[in-house]
Structures are given as structure tokens and as C-alpha cells.
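Under my numbering, the first residue of the sequence shown carries the number -19, and numbering increases by one thereafter.
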Amino acid sequence: MDDLLVRNAESQLSADEIANLDHLLAQVDQLTILKTRARYTLHRLETLATVA
């Protein structure tokens, strides 16, 4: 992925590589959202456990 990002910054990617990079970045975004939701849920559970 790092190679794709560097080559993209230099405008040296083929159309297929651009599509692949876009797909990878979308997956990274989805994982970031899932991790954020998991962190939030764990924090809420910890908060509820200390209140109870």
C-alpha cells in the first residue's frame, strides 16, 4: 500500500492500480470506523460497570 500511495502522489499509477488503491483505502476507512465503534462500546461498558 505504501508503494501505491507514493506512486499515486507521483501520478504513476495505472487505472487498475488506482482502483485497487481506492478499494484498499475504503477498507482502511471501514476498519477505522469499526475500531472506533468498538472503543466507544468498551468505554460505555466500563462506565456502566463502574456505576452499577
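Where is the CB? At the ideal position from N, CA and C, for every residue including glycine. In this text the structure is predicted, and so the values were computed from the model without any measurement.
- In this structure, leucine 11 sits away from leucine -16, with a CB-CB distance that is not shorter than 7 Å.
- Taking the C-beta atoms as reference points, methionine -19 is found nearer than 7 Å to leucine 4.
- For glutamate 26, the three-state secondary structure derived from DSSP is helix.
- Judged by DSSP in its simplified three-state form, glutamine -8 adopts coil rather than helix or strand.
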